[in-house]
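Structure first, commentary second.
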Amino acid sequence: MLKDTRGRTLQQEHQFTWLPNSLHSKELKNWLADIEALEGPLLHPSSSDPTVLSADQAKGLALACSSAVFIGSSFIIKKKGLRVAGANGVRAGIGGYSYLMEPLWWAGMLTMIVGEIANFAAYAFAPAILVTPLGALSIIVSAVLAHIMLNERLNIFGILGCVLCIVGSMTIVLHAPEEREITSLLQVWNMALQPGFLLYCLVATAIILYLIVSVAPNHGNSNVFVYLAICSLVGSLSVMSVKALGIALKLTFQGQNQFVFIETYFCILVVAICVVTQINYLNRALDMFNTAIVSPIYYVMFTLLTITASLIMFQEPQTGTQMVTEGCGFTTIVIGTFLLHATRELDISLNDLTQLLRAPPPGSQSAVRFSAMEMGRLQ
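Residue numbers for the sequence shown follow the numbering used here, beginning at 195 and rising by one.
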């Protein structure tokens, strides 16, 4: 029981304060004010809810969602451009660059640039753990547009996969960590110079060079993981540089010029090199393999590596509940992505599933005919 300096409990004090303007009432109010100042956080816990987005996180979320729309559209537009260019010249998958003369490919490229700019801005306001997994929304956009523009049917399982991607994305959004306050690009630079992140950069660079020099020339056109591994590793490094550069621009617009530091220009150089490398090898992957294969594998590899790099570099504080929930959200997205693309070739609808549930009893002649008919339709 709480007591004041004279040893009286709150209950004892309260019995003398029924008159609102009494001396005891004023004394009690002052005494409670002192307690509120000392023990306020204990008596009245913070109203901040981890499932409520901060203003910066909301801005980052909006930018990330708009980015997903543009990037998802760019996959389809560039794919059509690559098809046209491949029919009239040397394919990108075997080292050709005839797509550079194709206007449709440039339209897709422009769409992707707009999406990347929005994505770039999102990293300035929200942690990478929030922004990067939302790339799954671009897979939904590309799946819907592929159904419309590339005549790739979106069946009932594809729709279910889209729903799972949205559920997983919302789970991550609602439990994303609050980013630590950064007041200077030099603060980010010091994070990048930590031994853990330096080791990650060294290992990633070594693997990238090995894949480009030794593996890609021999196995790039037969194994989808080669080109996408290069893109994902390079992308994880570029995101960290984009994050740093976005913070520099944000602080500069707030009146703290970050372009007086040489580190800002180093980040620009890293971003430029990484973006050119990603575009080159992603074009090769898109040209040689089906979009249904490239999109989910690239998303999973890129997201895992980017989150790993972000956790090593920025070390955003998280509770165990947040980490487990984010992991469940990401797993849900992966399952949805797999379901979306693994079943894309199946010609099955909700009516087909309903008929299967109403199938005749096993062993009857009608059941045998029904099974044969359905298997013939699905093959």
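By construction, the Cβ of each residue, glycine as well, lies at the ideal position given by its N, Cα and C atoms.
ask   = Which value, in whole angstroms, describes the spacing of the CA atoms of I366 and S504?
value = 15 Å
query = Going by the CB atoms, is the gap between I529 and A330 shorter than 8 Å?
reply = no
Helix, strand or coil at Y291 [DSSP, three-state] = coil
inquiry  = Using only the alpha-carbon positions, how far apart do M343 and P297 sit?
reply    = 17 Å
message = Mapping the DSSP letters down to three states, classify V465 as helix, strand or coil.
response = helix
message = Beta-carbon within less than 7 Å of A262's beta-carbon, same chain only, minus the 5 sequence neighbours each way: which residues are those?
response = If we look at A262 and ignore the five residues flanking it on each side, its Cβ neighbours are L328, G329, L331, S332, V335.
query = Tell me which same chain residues have a C-beta within less than 6 Å of the C-beta of A258, skipping the five on either side of it?
reply = Excluding residues within five positions, the ones whose Cβ falls inside 6 Å are A316, V325, L328.
Neighbour-count burial assignment, T515, 16 or more Cβ in a 10 Å radius = exposed
message = Quick check on M180: buried or exposed, where buried means 16 or more other Cβ atoms within 10 Å of its Cβ?
response = Any question about residue 180 goes unanswered here, given that the chain covers just 195 to 573.
ask   = Just checking, does the segment 455-466 make contact with the segment 297-310 on the three C-beta pairs under 8 Å criterion?
value = no
ask   = According to DSSP, is F314 helix, strand or coil?
value = helix
task = Specify the secondary structure class of P490 as computed by DSSP and reduced to three states.
result = DSSP places P490 in helix when its eight states are reduced to three.
inquiry  = As a quick exercise: from V436, N349, I353, pick the residue whose alpha carbon is nearest that of A386.
reply    = Closest by alpha carbon: V436.
task = Assign Q388 to one of three DSSP states: helix, strand, or coil.
result = coil
F447 classed as buried or exposed, judged by whether at least 16 other C-beta atoms fall within 10 angstroms = exposed
query = Near D191, what residues of its chain come up, given a Cβ to Cβ distance below 7 Å and the 5 sequence neighbours on each side ignored?
reply = As displayed, the chain neither begins before 195 nor continues past 573, which places residue 191 out of reach and without an answer.
query = First and last residue of the alpha helix (DSSP H) that includes V433?
reply = Counting along the chain, the unbroken alpha helix (DSSP H) around V433 starts and ends at 418-447.
inquiry  = Taking 8 Å as the cut-off, does the segment 416-430 touch the segment 482-496 (at least 3 CB pairs, one atom from each stretch)?
reply    = yes
ask   = Roughly how many angstroms separate the alpha carbons of A479 and V470, rounded to a whole number?
value = 15 Å
ask   = Hey, would you say A322 sits closer than 8 Å to T519, going by beta carbons?
value = no
Contact under 8 Å by Cβ, A312 with G254 = Between A312 and G254, the CB-CB gap reaches or exceeds 8 Å.
query = Taking the alpha-carbon positions, what's the V407 to C468 distance?
reply = 16 Å
Opening and closing residue of the alpha helix (DSSP H) in which A252 lies = 249-282
task = Over the uninterrupted alpha helix (DSSP H) stretch that includes P411, give me the two end residues.
result = 410-413
request  = Can you tell me which of P411, F460, P371, I462 puts its alpha carbon nearest to the alpha carbon of Q251?
outcome  = P371
Enclosing alpha helix (DSSP H) for E296 [first to last residue] = Run containing E296: none; DSSP gives neither H nor E here.
query = So is L304 buried or exposed if we call it buried at 16+ other beta carbons inside 10 Å?
reply = exposed
query = When DSSP labels each residue in this structure, what does N345 get in the three-state scheme?
reply = coil
query = If V420 and V409 are in contact, beta carbons under 8 Å, what's the gap, nearest whole angstrom?
reply = Yes, they are in contact, since the Cβ atoms of V420 and V409 sit about 5 Å apart, within 8 Å.
key: Assigned secondary structure, A320 (DSSP; H/G/I helix, E/B strand, else coil)   = Secondary structure of A320 (DSSP, three-state): coil.
key: Between the CA atoms of E310 and F264 - distance to the nearest angstrom   = 8 Å
query = I441 and A318: beta carbons closer than 8 Å?
reply = yes
task = Taking the CB atoms as reference points, tell me whether K273 and T485 lie closer together than 8 Å.
result = In this structure, T485 lies closer than 8 Å to K273 by Cβ.
task = Return yes when the Cβ of G362 is within less than 8 Å of the Cβ of L533, no when it is not.
result = no
request  = Would you kindly check if the distance between the Cβ of L431 and the Cβ of V464 is under 8 Å?
outcome  = Cβ atoms of V464 and L431: closer than 8 Å.
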